[in-house]
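Once you know that position 164 of the sequence shown is 163 in numbering that gives the first Met the number 0, the rest is easy, because the numbers rise by one and skip nothing.
Note that CB positions come from ideal geometry on N, CA and C, so glycine has one too.
The next block holds one structure in the form of structure tokens; read it before the comments.
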Amino acid sequence: MSALLADDTLDRLFRDGRSYNGFLDKPVSDQTLKTLAELVSFGPTEANTLPGRFVFVKSPEAREKLLAAMAPGNQAKTKTAPVSIVAGYDLDFYENLPKTFPHADARSWYAGSPDERLQFSALRSASLQVGYLTMAARALGLDVGPMAGFDAAALDAAFFPDSRVRTFLVLNLGYGDKSSLFPRLPRLAFDEYARIA
0 MSALLADDTL
10 DRLFRDGRSY
20 NGFLDKPVSD
30 QTLKTLAELV
40 SFGPTEANTL
50 PGRFVFVKSP
60 EAREKLLAAM
70 APGNQAKTKT
80 APVSIVAGYD
90 LDFYENLPKT
100 FPHADARSWY
110 AGSPDERLQF
120 SALRSASLQV
130 GYLTMAARAL
140 GLDVGPMAGF
150 DAAALDAAFF
160 PDSRVRTFLV
170 LNLGYGDKSS
180 LFPRLPRLAF
190 DEYARIA
């Protein structure tokens, strides 16, 4: 694990990685999506809670439900993506802890907690998982366009019915159309957001 990644790999994952607004008409295979999901599952989360829930939207019927819940400004770019991901967090994540954290009674740390505490933990770790998803997608040669701007309750009803999963982000996924990119926006200098103590 001590070997450094090649600079061109760091470019692909970070320096050249962009948020795409349009995608090429090129499908993404189900096997690629399964590989992507598997890679995401290896990233660390709080007590290995793995609260992220992801629906890979591909079928015409599912895409219709998704588009109906998207804000008008996000509909056109969502239509160009071969896959969109509805990302949610599961408030009942602790029910899986006997399996995912078997060496301790981690379920008891969360069971019976107020929803506000569960939401804080679940959203924090699911947000990490979306970060892993973005990096894993880039590593697999894909591009991502994360979006806010949707009716979360409608997406919950359409994609996570009869559960305590709450939608918090939608990501378009595919092979990015470079013509859809805006110029790279500025970044903060190191001392504007970080310090060494």
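Using a threshold of 8 Å, state whether the C-beta atoms of residue i and residue j are closer than that.
i: L49; j: F92; result: yes
i: L4; j: R137; result: no
i: D89; j: R163; result: yes
i: G51; j: Q118; result: no
i: L65; j: V85; result: yes
i: A80; j: A157; result: no
i: G144; j: S18; result: yes
i: N95; j: F149; result: no
i: G173; j: V27; result: yes
i: R165; j: D176; result: no
i: L9; j: A135; result: no
So for residue i, helix, strand or coil by DSSP?
i: N171; result: strand
i: T77; result: helix
i: T44; result: coil
i: S83; result: strand
i: F181; result: coil
i: P101; result: coil
i: F13; result: helix
i: D142; result: strand
i: R186; result: coil
i: R106; result: helix
i: G111; result: coil
i: G210; result: The first residue shown for the chain is 0 and the last is 196, placing residue 210 beyond what the model contains.
Looking at the unbroken alpha helix (DSSP H) that takes in residue i, where does it start and where does it end?
i: V39; result: D29 to S40
i: M134; result: D114 to A138
i: D155; result: A151 to F158
i: K64; result: P59 to A68
My guess is that residue i and residue j are in contact by the Cβ rule of under 8 Å, so how many angstroms apart are they, rounded?
i: S179; j: N20; result: 4 Å
i: E45; j: S120; result: 6 Å
i: S83; j: L170; result: 7 Å
i: F167; j: L122; result: 6 Å
i: G87; j: F159; result: 6 Å
i: R62; j: V56; result: 6 Å
What residues are listed by DSSP as bridge partners for residue i?
i: Q52; result: Just to set this straight, residue 52 is Arg in the shown sequence, not Gln. In the DSSP output, where bridge partners are listed per residue, R52 has G87.
i: F92; result: Per DSSP, none; premise fails for F92.
i: F22; result: G175
i: R165; result: Y88
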